[in-house]
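A.B. asks: Heads up: the sequence shown begins at 1 in full-length UniProt numbering, then just goes up one per residue.
Pasting in a structure now, in structure tokens, and then I'll have a few things to ask.
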Amino acid sequence: MNINEILRSEFNLRDEQIDNVIKLIDEGNTIPFIARYRKEMTGE
């Protein structure tokens, strides 16, 4: 299993949500920043 499959099954997420979160973290964004300012990218 790759990370997307694990996260999808554990947290019931779509691949698009997982890809967006990984991209945001790779770009150096912090979890609090993502939670507050990038909710639309994470599906919340």
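Cβ coordinates follow ideal geometry from the N, Cα and C atoms, glycine included.
So N4 and I18 are supposed to be a Cβ contact under 8 Å. How far apart are they, rounded?
C.D. replies: 5 Å
A.B. asks: So I31 packs on T42, CB below 8 Å; how close in whole Å?
C.D. replies: So it is not a contact: roughly 10 Å between Cβ atoms.
A.B. asks: Using the C-alpha atoms, what's the distance from E16 back to S9?
C.D. replies: Their Cα atoms are separated by approximately 14 Å.
A.B. asks: Let me check you understand the geometry: is the CB of T30 closer than 7 Å to at least one non-hydrogen atom of the ligand FMN?
C.D. replies: Absence of the ligand FMN from the depicted structure is noted, as is the absence of any ligand whatsoever, leaving it without description.
A.B. asks: Alpha carbon to alpha carbon, what distance is there between R36 and M1?
C.D. replies: 30 Å
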